Amino acid sequence: MRSRPLDWTALTLVIVGAVNWGLIGLFRFDLIATLFGGMESAISRVIYVIIGLAGLYCLSLYMKVDERQVDHHTERVS
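For the sequence shown, the positions run -6 to 71 when the working numbering is used.
Next up, the structure:
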């Protein structure tokens, strides 16, 4: 499995989202909203959507890991 720049970008965005949720849960502090003008600002909402899409994209990475395990197992058997 070769990692593509899109994979790294999506994983980075998911980590940003996870850290943001951790800050919200622990301290009631929304870093994205603070940096980009509040929760209702258009740019904050766009960033939230992009992070959400990155999370959905990361679901496809499960398939890549599964394919790699199947390919690796097949190589040993052959």
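Each residue gets a CB set at the ideal place from its N, CA and C atoms; glycine is no exception.
Values in this document were obtained by computation on a predicted structure and should not be read as measured data.
| Inter-residue spacing [alpha-carbon to alpha-carbon] between Ser37 and Trp14 | Roughly 14 Å separates the two Cα atoms.
| request: Answer yes if the stretch 45 to 57 comes into contact with the stretch 15 to 33, meaning at least three C-beta pairs across the two stretches below 8 Å, and no otherwise. | output: They do not touch, by the three-pair rule.
| query | Are the beta-carbon atoms belonging to Ile25 and Tyr41 less than 8 Å from one another? | reply | The answer is yes: Cβ separation under 8 Å.
| message | Please report the distance separating the alpha-carbon of Ala3 from that of Lys57. | response | Cα to Cα, the separation comes out at about 14 Å.
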